[in-house]
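Here my numbering is used: the first residue of the sequence shown is -19, the next is one more, and so on.
All C-beta atoms in this analysis are idealised placements derived from N, C-alpha and C, irrespective of residue type, glycine included.
All values reported here derive from a predicted model rather than from experimental measurement.
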Amino acid sequence: MPDRRTVDELSIEELEEVLRIRKREARMARLRHYDEVGRRRSDMPLPTPDSPPTPFDGAHQAPKRKKRTLRDRLLLLVEFGAAVGLVAILAFTAWQIQSINRQAVAEQEAQVAEMEASMPTPSPTPILGAVVLPGGHTPPTAPGGAQPRFDEVPSHLQPLVQQQVFAPVIEATRQPGHAVRVEVPSISVDAPIVYGDGWEQLKQGVGQHVGTGNPGQNSGNVVLSAHNDIFGEIFRYLDQLQTGDEIIVHTSANESFTYVVDHWRIVEPTEVSVLQPTTDPTVTLISCYPYLDNSQRIVVVAGLSD
-19 MPDRRTVDEL
-9 SIEELEEVLR
1 IRKREARMAR
11 LRHYDEVGRR
21 RSDMPLPTPD
31 SPPTPFDGAH
41 QAPKRKKRTL
51 RDRLLLLVEF
61 GAAVGLVAIL
71 AFTAWQIQSI
81 NRQAVAEQEA
91 QVAEMEASMP
101 TPSPTPILGA
111 VVLPGGHTPP
121 TAPGGAQPRF
131 DEVPSHLQPL
141 VQQQVFAPVI
151 EATRQPGHAV
161 RVEVPSISVD
171 APIVYGDGWE
181 QLKQGVGQHV
191 GTGNPGQNSG
201 NVVLSAHNDI
211 FGEIFRYLDQ
221 LQTGDEIIVH
231 TSANESFTYV
241 VDHWRIVEPT
251 EVSVLQPTTD
261 PTVTLISCYP
271 YLDNSQRIVV
281 VAGLSD
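This is the structure:
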């Protein structure tokens, strides 16, 4: 009687048996076909009912598939290795370039630092101070207002002086105990002292001529300049000073030195001898003169009080 159970009702062993039978029948059908067309190999045995049919071409084609698989894997491995090697080369090259750049930057910075260390500190020594007295300017009532007065300078030096006057101010290094403030009680002067007496420095107050001494030294000339009719008119009334009036100079060391006026006089702008060092401790005050004319200079000389 035929077995009418469904596939779901069969056990695993029964399913395997059905599969072996089906494979054997298919194998026998192929063999009969090969017999008919004369392609059957004489050394190929017939499958037995108890053993599964042997695939005809599987045994011969498997080695070829294995060879192709192995070759493909080798090629894939080679490609992967080449890609990794290329990435490594690129990474190493980039690292090497960055290392060279960092080394070059470090060497450049070291060279700049060495150059800066070997360079002396710039000093704003005015060209104008060597040929005329500081502070020269046109009156504020003149056309165009107050401006540096270049006509006092020899014509062959005027381009150099103009270039220096309008150049950026370079702050020079000052010695300990330098002057920071000046008082002249008799004419109500109390003003800060900056280092340098160029056009920009005198906008800030009283300017000390670069290279002159510190207050209180046994010898030397502390030269202080200020305007008389602009920027606060600090030295407007120098011509009212009398012999014996006091000039008090304060320093960065919290010291103060009192100088006593000896005399004052009117000189030409080219009288630069008043800038020279002195054998006695001296303070020299300079400003333009007369008021709103400024064609000359007034020079006040005072000695250190005992």
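Inter-residue Cα distance where the pair is residue i and residue j
i	j	result
residue 230	residue 77	59 Å
residue 82	residue 250	56 Å
residue 266	residue 87	50 Å
residue 70	residue 51	29 Å
residue 53	residue 89	53 Å
residue 272	residue 85	57 Å
residue 67	residue 61	10 Å
residue 108	residue 270	Bear in mind that a pLDDT of 45 at residue 108, under 50, signals an unreliable position, so the number given afterwards is only what the model happens to contain. Between residue 108 and residue 270, the C-alpha separation is close to 20 Å.
residue 182	residue 225	24 Å
residue 184	residue 215	13 Å
residue 64	residue 80	24 Å
residue -14	residue 58	53 Å
residue 93	residue 73	30 Å
residue 2	residue 11	14 Å
residue -7	residue 0	11 Å
residue 187	residue 121	23 Å
residue 38	residue 75	The predicted model places residue 38 with a pLDDT of 44, which falls under 50 and marks its position as unreliable; any figure quoted below should be read in that light. So the alpha carbons of these two residues sit roughly 54 Å apart.
residue 17	residue 56	43 Å
residue -16	residue 5	20 Å
residue 132	residue 192	23 Å
residue 283	residue 240	5 Å
residue 254	residue 212	24 Å
residue 14	residue 7	11 Å
residue 169	residue 210	15 Å
Assigned secondary structure, residue i (DSSP; H/G/I helix, E/B strand, else coil)
i	result
residue 89	helix
residue 15	helix
residue 252	helix
residue 282	strand
residue 122	coil
residue 238	strand
residue 178	coil
residue 137	helix
residue 58	helix
residue -11	helix
residue 199	coil
residue 216	coil
residue 159	strand
residue 131	helix
residue 166	helix
residue 184	coil
residue 265	strand
residue -16	coil
residue 222	coil
Other residues of its chain near residue i: CB distance less than 6 Å, five sequence neighbours each side excluded
i	result
residue 167	217 and 220
residue 164	227
residue 154	175
Anticipated Cβ contact below 8 Å, residue i with residue j, distance rounded
i	j	result
residue 243	residue 223	7 Å
residue 194	residue 268	Going by Cβ atoms, the distance from residue 194 to residue 268 rounds to 26 Å, so no, they are not a contact pair.
residue 204	residue 281	The Cβ separation is near 12 Å, so there is no contact.
residue 274	residue 134	About 19 Å separates the two Cβ atoms, so there is no contact after all.
residue 162	residue 173	6 Å
Residues near residue i by beta carbon distance below 8 Å, same chain, minus five either side
i	result
residue 43	With a pLDDT of 48 at residue 43, under the threshold of 50, the predicted position of this residue should be treated as unreliable, though the coordinate-derived value follows. Closer than 8 Å at Cβ, skipping near neighbours: no residue.
residue 157	194, 195, 196, 231, 232, 233 and 235
residue 248	276 and 277
residue -2	-10
residue 160	172, 173, 230, 231 and 232
residue 256	201
residue -12	none
Proximal residues to residue i (C-beta, below 7 Å), its chain only, five neighbours per side dropped
i	result
residue 245	279
residue 238	226, 228 and 285
residue 260	199 and 283
residue 49	none
Under 8 Å: do the segment 188 to 199 and the segment 126 to 136 share three or more Cβ pairs, one atom per stretch?
no
Mind the definition here: the segment 109 to 118 touches the segment 172 to 185 only if three or more C-beta pairs lie below 8 Å; say whether that holds.
yes
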